[in-house]
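This report concerns only the one structure given below.
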Amino acid sequence: MRRYEPSEIEPKWQAVWEREDLYRADEGHDERPKFYALDMYPYPSGDLHMGHAEAFSGGDAVARFAAVRGHRVLHPIGWDAFGLPAENAAIKRGVAPKEWTHANIDQQRRSFKRMGMSFDWSRQFNSCDPEYYRWTQWLFVKFFERGLAYRKLAPANWCPNDQTVLANEQVVNGACERCGTAVVRKDLTQWFFKITDYAQRLLDDMDTLIDWPERVLTMQRNWIGRSEGAEVEFEIAETGDRVEVFTTRPDTLWGVTFFVFAVEHPLVAKLAAAGASGDAAAELVGRLRATPLTNREQAESREGVRLGVHAVNPVNGEKVPCFVAPYVLMEYGTGAVMGVPAHDQRDFEFARAHGLPIQVVIQPPGQPRESDTMTEAYDHEGVMVNSGPFDGQRSPESIAAVAAWLEEQGRGRAAVTYRLRDWLISRQRYWGAPIPIIHCPEHGEVAVPEEGLPVVLPDDVDFRPGGESPLARHEGFVNAMCPTCGKPARRETDTMDTFVDSSWYYFRYCSPNEESRPFDPEAVRRWMPVDQYTGGVEHAILHLLYSRFFTKVLHDMGMVEFTEPFPRLMNQGQVIYGGASMSKSKGNLVEPMPIVERWGADTVRLTVLFAGPFEDDIDWALIAPDPERPPGVHGWLIRVWKAVNEAVERPGAEEAELLRRAAHRTVKGVTEDLDRFRFNTAISKLMILTNAMRAALDAGEDARAAAGLLVQMLAPLAPFIAEELWREVLGNPASVHLRPWPSFDPELAREERVTLIVQVDGRVRDRVEVDADAGADACREAALTSENARKAIGDRRVVREVVRPPKLVNLVTADR
RNA sequence: GCCGGGAUGGUGGAACUGGUAGACACGCGGGUCUCAAAAACCCGUGGGCGCAAGCCCGUGAGGGUUCGACUCCCUCUCCCGGCACCA
Numbered sequence: 001m002r003r004y005e006p007s008e009i010e011p012k013w014q015a016v017w018e019r020e021d022l023y024r025a026d027e028g029h030d031e032r033p034k035f036y037a038l039d040m041y042p043y044p045s046g047d048l049h050m051g052h053a054e055a056f057s058g059g060d061a062v063a064r065f066a067a068v069r070g071h072r073v074l075h076p077i078g079w080d081a082f083g084l085p086a087e088n089a090a091i092k093r094g095v096a097p098k099e100w101t102h103a104n105i106d107q108q109r110r111s112f113k114r115m116g117m118s119f120d121w122s123r124q125f126n127s128c129d130p131e132y133y134r135w136t137q138w139l140f141v142k143f144f145e146r147g148l149a150y151r152k153l154a155p156a157n158w159c160p161n162d163q164t165v166l167a168n169e170q171v172v173n174g175a176c177e178r179c180g181t182a183v184v185r186k187d188l189t190q191w192f193f194k195i196t197d198y199a200q201r202l203l204d205d206m207d208t209l210i211d212w213p214e215r216v217l218t219m220q221r222n223w224i225g226r227s228e229g230a231e232v233e234f235e236i237a238e239t240g241d242r243v244e245v246f247t248t249r250p251d252t253l254w255g256v257t258f259f260v261f262a263v264e265h266p267l268v269a270k271l272a273a274a275g276a277s278g279d280a281a282a283e284l285v286g287r288l289r290a291t292p293l294t295n296r297e298q299a300e301s302r303e304g305v306r307l308g309v310h311a312v313n314p315v316n317g318e319k320v321p322c323f324v325a326p327y328v329l330m331e332y333g334t335g336a337v338m339g340v341p342a343h344d345q346r347d348f349e350f351a352r353a354h355g356l357p358i359q360v361v362i363q364p365p366g367q368p369r370e371s372d373t374m375t376e377a378y379d380h381e382g383v384m385v386n387s388g389p390f391d392g393q394r395s396p397e398s399i400a401a402v403a404a405w406l407e408e409q410g411r412g413r414a415a416v417t418y419r420l421r422d423w424l425i426s427r428q429r430y431w432g433a434p435i436p437i438i439h440c441p442e443h444g445e446v447a448v449p450e451e452g453l454p455v456v457l458p459d460d461v462d463f464r465p466g467g468e469s470p471l472a473r474h475e476g477f478v479n480a481m482c483p484t485c486g487k488p489a490r491r492e493t494d495t496m497d498t499f500v501d502s503s504w505y506y507f508r509y510c511s512p513n514e515e516s517r518p519f520d521p522e523a524v525r526r527w528m529p530v531d532q533y534t535g536g537v538e539h540a541i542l543h544l545l546y547s548r549f550f551t552k553v554l555h556d557m558g559m560v561e562f563t564e565p566f567p568r569l570m571n572q573g574q575v576i577y578g579g580a581s582m583s584k585s586k587g588n589l590v591e592p593m594p595i596v597e598r599w600g601a602d603t604v605r606l607t608v609l610f611a612g613p614f615e616d617d618i619d620w621a622l623i624a625p626d627p628e629r630p631p632g633v634h635g636w637l638i639r640v641w642k643a644v645n646e647a648v649e650r651p652g653a654e655e656a657e658l659l660r661r662a663a664h665r666t667v668k669g670v671t672e673d674l675d676r677f678r679f680n681t682a683i684s685k686l687m688i689l690t691n692a693m694r695a696a697l698d699a700g701e702d703a704r705a706a707a708g709l710l711v712q713m714l715a716p717l718a719p720f721i722a723e724e725l726w727r728e729v730l731g732n733p734a735s736v737h738l739r740p741w742p743s744f745d746p747e748l749a750r751e752e753r754v755t756l757i758v759q760v761d762g763r764v765r766d767r768v769e770v771d772a773d774a775g776a777d778a779c780r781e782a783a784l785t786s787e788n789a790r791k792a793i794g795d796r797r798v799v800r801e802v803v804r805p806p807k808l809v810n811l812v813t814a815d816r
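Residue 1 is where the first sequence starts when you use this note's numbering, and the numbers rise one by one after that.
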């Protein structure tokens, strides 16, 4: 028997598969159902890391399993090739971003092949390829034409380290998601996608995503942040200005005792002047406008300045003082808030800090609150008081009633507000898709016409960051002609957020060589939506929300029929080391490729899949503590190797009934497990079958049939060893990866003898072997004749017999 | 604070709709082989008592429902993730 040598057999089969073109997606229109298995396309950062190994091992098992179960599988791969690291690496090492990116792609492609991933390489593309970003730009133009891409001056998140703006989604705890630098606030004119137009649909359609992890849905719901309430119009007594506020509690309107504007609110300067309180207000506004947004949000300050004017409460005509204060944010609602200190904690603290009256208008039943003795706001339900026509109404129900009443009176209306803000897509960096817009002195923002696409990113650019877009320094790029009038104009020099690239790449895979459109709608109809999407939770909001948005826009453009791109999503856990995320700087980095070289790709794949449920984190330090020793599953592969070889070399006279049954039971169990992506339990069942084969072989029985089934079931998980055993040892002419998945005989998969548990008063007292089809009578009989059970019963009387054939009998006695 | 998810041997984890808790592994202990070691193979391995048969305890803590609870309900503790002046 040969030794198991992964370093020999793995490269061999990789080459054979490539020659046989085994994984090319079949566009044939045969009966087989399609299956689109998609892994989030990776950023080419250098070489594969352990996170890739885990995610792609799972995705590959899904794709291979679907293929052998009779699907036409599309399992593509490509590269998220634009982005800051390329530019930063280039600045540091003086290599052009393009060269750096392509070198990394080559390296990672080699590694993916070495890992045995069943990708259809013929569909590969890079998002930095002009043939791809041409269509990213084309889509931008379509968004622009539909009013979904627009430019505005707005306070933006600026990362001083990366020298670019960031989307809200890319700011984590006030810091840049990428580099961790504290983000500062900067007023800039930037391009946005109007994702807020789709807020409600993004929320509603989540009900159809039943196969998404709950936490991802929760995160998206929180991010969209729908809240229901009412808009109410207040008038400024001194100036007659009308100001809208949004409130979730219109039922507390009679409790308003002051009114607050955000620092950025457009009326503040005018009102401060009208109220003759100029200096103090101007000082506060000036100081806060200079303070980074995030610092301000974290301050939880209750400071504020009186504007000297008053707002008229539309429900009772009362005049209340107006303030400007940092605790009101321009970014949410209308940038102005009615102050109800009795029923909102922030308003309560503000009122106490500024000596403002507190008016209770919601009373909890039983324990009435009084403005003088309250120590905190009461924000639960209760009965409305001091509220004119609404006195006596119960508060949760009264919210809608008050909103309807406001509408009748013409002073407001029921309204919905979202936390979600428009997606800021412009970046002041070089390595991205140029925004295809020309600024004409006469015609303003003009989209580059289709013939002008792609707007090619020039190579000869000084891309060192300097606060403005590097492209702005490139004369040849900047100077353009207005597509409308032909006069000299200026090209837009910002590039797009790379999340724009990744918002539609999965459409491109369906027809990657399409030259006249981003994708062929016919091909998309054939393959999409994606049947199984695999990737990390870090994209729970960013990429997945943007992609859902894009799909809905494409739907509205009539380009696709569906509205959700990824009906099924699975998130792999992270691979960590010693309880902490792996990193070079921490010195705890374990890279997959050296392990692949030493122990084999199959060992790496099985190690990550066997470690636990796919979505759980894996601590490599616990799974493979000694780098000099092979991970545990390697030993199993050796046992499989030996067992299959022995089965062929020393065929027995007759296959043992026991082994045949074990094999069929395994087919049943592994099929169910793989259907539900439970790789760890599937592998465990294959191990049990291997152990059963060992026992049969040691008893001199024939195990060839079981060997064949074992190898077939191993194929999606450990494709190399399965192929070697299938073709070279078992002598099959064609690939195991083309062989239809085995079926099982339900009669054989059934256990024929089972252990009947005999309990007395709920405690296990005996185990008895019975036929699997034993009836209630036989089970009761077996239990009552059990020596151990009789002993446990003693002289007590059995008052109840719980019989659940053929698994359990519980004898319940008196005196308990 | 709000929302979501967890807590099972020395370790990773298993237990499908309430019915043998700890499958399968790793580790550890013992053994076979060997001059020796590694590898490989075999046996054992939740805790306690016992020569044994067996008994008691045991799924974060406490309570409840049930013939029977890791699983369902209530209260609490801790851990992880997300959101957080969102009006």
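Positions of the beta carbon are idealized from the N, C-alpha and C atoms, including for glycine.
Per-residue burial, residue i [other beta carbons within 10 Å of its own, 16 or more giving buried]
i    : result
S127 : buried
R763 : exposed
D497 : buried
N513 : exposed
D39  : buried
W785 : Residue 785 is actually Thr in this sequence, not Trp. Label assigned to T785: exposed.
C485 : exposed
Length of the line joining the Cα atoms of residue i and residue j
i    : j    : result
G382 : A414 : 21 Å
I378 : R369 : Residue 378 is actually Tyr in this sequence, not Ile. Taking the straight line joining both Cα atoms gives about 8 Å.
Y41  : I77  : 6 Å
S516 : E131 : 10 Å
E723 : V736 : 6 Å
N157 : H664 : 59 Å
V171 : S583 : 21 Å
L188 : E628 : 55 Å
S227 : A199 : 12 Å
N316 : N386 : 11 Å
Simplified DSSP assignment, three categories, for residue i
i    : result
V309 : strand
H634 : helix
A336 : strand
R816 : Unreliable placement is indicated for R816, whose pLDDT of 42 sits below 50; no coordinate value is reported for it.
P6   : helix
W17  : helix
L808 : strand
A149 : strand
W191 : strand
I210 : coil
D344 : coil
T164 : strand
W79  : strand
T671 : helix
E54  : helix
R664 : The residue you asked about is not Arg; residue 664 is His in the sequence shown. Helix at H664.
Residue from the options with nearest C-alpha to residue i
i    : options                   : result
V324 : R289, D344, D459 and G317 : R289
E597 : R3, A351 and P11          : P11
A281 : G308, F390, K668 and L714 : G308
G444 : P483, Y418, P454 and E451 : P483
Residue i Cβ short of 8 Å to the ligand SAH heavy atom set
i   : result
A53 : With respect to the ligand SAH, the structure offers nothing, as it holds no ligand at all.
Report task. Could I get the ranges of all uninterrupted alpha helix (DSSP H) runs contained in the region 368–418, with 4 residues as the minimum, in chain order? Result -> 395–409
Query raised in the report: Can you give, in chain order, each stretch of the beta strand (DSSP E) that sits fully within the region 713–774 and has at least 3 residues?
Result: 753–760 and 763–771
Query raised in the report: Which runs of the beta strand (DSSP E) fall wholly inside the region 499–582 and span at least 3 residues, in chain order?
Result: 532–536, 569–572 and 575–577
Report task. Counting only runs of 4+ residues fully inside the region 465–491, write out the alpha helix (DSSP H) ranges in chain order. Result -> Within the region 465–491, the complete alpha helix (DSSP H) segments at least 4 residues long are 475–478, listed from N- to C-terminus.
**Report entry** Complete runs of the alpha helix (DSSP H) confined to the region 208–275 [at least 4 residues]
**Finding:** 214–224 and 268–274
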